[in-house]
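For the sequence shown, this note's numbering assigns the number 40 to the initial residue and increments by one for each residue that follows.
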Amino acid sequence: ATVIPDGGAPMMMATSAAPQMAPVQQSMHRTVPIGSIPAGGSQPLWSAQELTGTWICCCLPGGCGITTLTAEGDDVKIENGVCCFLGLPCPISNERWIRKGDTNGFYKDDEPSSVDVFTSRTSICNGPSCSRRLC
Numbered sequence: 040a041t042v043i044p045d046g047g048a049p050m051m052m053a054t055s056a057a058p059q060m061a062p063v064q065q066s067m068h069r070t071v072p073i074g075s076i077p078a079g080g081s082q083p084l085w086s087a088q089e090l091t092g093t094w095i096c097c098c099l100p101g102g103c104g105i106t107t108l109t110a111e112g113d114d115v116k117i118e119n120g121v122c123c124f125l126g127l128p129c130p131i132s133n134e135r136w137i138r139k140g141d142t143n144g145f146y147k148d149d150e151p152s153s154v155d156v157f158t159s160r161t162s163i164c165n166g167p168s169c170s171r172r173l174c
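See below:
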């Protein structure tokens, strides 16, 4: 707003703008308790805490990696480590993966189409990549 004081030059009054907030990613909420088998499933739901450890990954046509998984509760896993593609290293730092509904699949917080599907507590499939838990 422009204000003109008595006998003075016009002045601009500062106005405060609402702070800009980053959009919050909404997760697909689990409706089945951990340890139970969802309708149509063959495996029980595993807690993200049960899946923590060191994992090795192979990806076709020429990728590999080693990561450490930690958990935020039952439905979020965090990945840290390094991957290599055609010999070029790429760090993995605090990648957040969220459980996809009533499944043992977890999708990337910023890439919902990338889903790590735990086929067991020691095996993951995601497209052309597969991972095994070392410890």
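From the three backbone atoms N, C-alpha and C, an ideal C-beta is built for every residue, glycine too.
Here Leu173 carries a coil assignment [DSSP, helix/strand/coil]. The residues Leu108, Thr109, Ala110, Glu111, Asn133, Glu134, Arg135, Trp136, in chain order, have a CB closer than 8 Å to that of Ile117 in the same chain once the five nearest residues on each side in sequence are set aside.
As a beta-bridge residue in DSSP terms, Ala110 pairs with Lys116. For Asp141, no beta strand (DSSP E) encloses it, and the DSSP letter there is neither H nor E. Per the C-alpha coordinates, the member of Asp113, Leu127, Pro130, Asp149 positioned closest to Leu90 is Asp113.
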